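Undergrad: Residue numbers (this note's numbering): 6 to 156.
In this text, a Cβ means the ideal position worked out from N, Cα and C, and glycines have one as well.
Just so we're clear, the structure is a prediction, and the values are computed from it rather than from any experiment.
Have a look at this one.
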Ligand SMILES: Nc1ncnc2c1ncn2[C@@H]1O[C@H](COP(=O)(O)OP(=O)(O)O)[C@@H](O)[C@H]1O
Ligand SMILES: [Mg+2]
């Protein structure tokens with residue numbers, strides 16, 4: 006069956022609303038049983054990590070979220086659910102993802118949030134949800150594209 010591509014746009018005024026918006030997204034992701042690959046596109050300072058903080062909050066992570074710029078990935082484990090937060094900004098070559106066993110991250114209902122996914126092109130799986138964050142005035146414009154994802 007042909008899957009339905011769903012496209013939505015949002016404007017988020019400030020950081021606190023960004024976290025709240027992320028929480029809403031996170032709740033929607035938590036409804037899905039299968040592993041999910043979420044691409045977070047956008048320039049440095051666009052708000053990808055802020056959005057990730059909101060998504061993680063929906064799963065029960067109340068604290069800060071450090072950018073895994075050097076470690077590439079930070080693991081969060083919640084009752085029965087793993088969330089991996091990737092930041093591939095410093096990835097030299099997509100092949101490095103093969104060495105770290107990237108395939109294992111996308112299993113058993115895990116949720117993978119990936120900042121700078123373009124650095125892993127060719128090795129990363131196709132995203133289930135693609136989120137583009139752009140600075141617009143004082144706020145941020147969010148473009149969400151998803152396959153069969155109810156939000
Ligand atoms: N919706 C928003 N409106 C205004 N400022 C925001 C918004 N979302 C995030 N910010 C601010 O943008 C800055 C960069 O955020 P960050 O999430 O670290 O970006 P990135 O991970 O894309 O590099 C932070 O100072 C944050 O407070
Ligand atoms: Mg970031």
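#1: Where residue 63 and residue 105 are concerned, what is the direct C-alpha to C-alpha distance, given to the nearest angstrom?
#2: Roughly how many angstroms lie between the CA atoms of residue 102 and residue 55, to the nearest whole one?
#3: Which residues are close to ligand 2, meaning CB closer than 6 Å to any heavy atom, in chain order?
#4: Just mark residue 133 as buried or exposed, buried being the case when its beta carbon has 16 or more other beta carbons within 10 Å.
#5: With hydrogens ignored, establish whether the beta-carbon of residue 138 is closer than 7 Å to any heavy atom of ligand 1.
#6: In the structure shown, what three-state DSSP assignment does residue 124 receive?
#7: Under DSSP, the beta strand (DSSP E) around residue 94 begins and ends at which residues?
#8: According to DSSP, is residue 53 part of a helix, a strand, or is it coil?
#9: What residue from 79, 140, 24, 128 has the CA that sits closest to residue 116's CA?
#10: May I ask which residues mark the beginning and end of the alpha helix (DSSP H) holding residue 151?
TA: With the structure as the only source:
#1: 27 Å
#2: 24 Å
#3: 53, 54, 72, 92, 120
#4: buried
#5: yes
#6: helix
#7: Neither: residue 94 is in no beta strand (DSSP E) and is coded neither H nor E.
#8: helix
#9: 79
#10: No alpha helix (DSSP H) holds residue 151; the beta strand (DSSP E) holding it covers 144 to 152.
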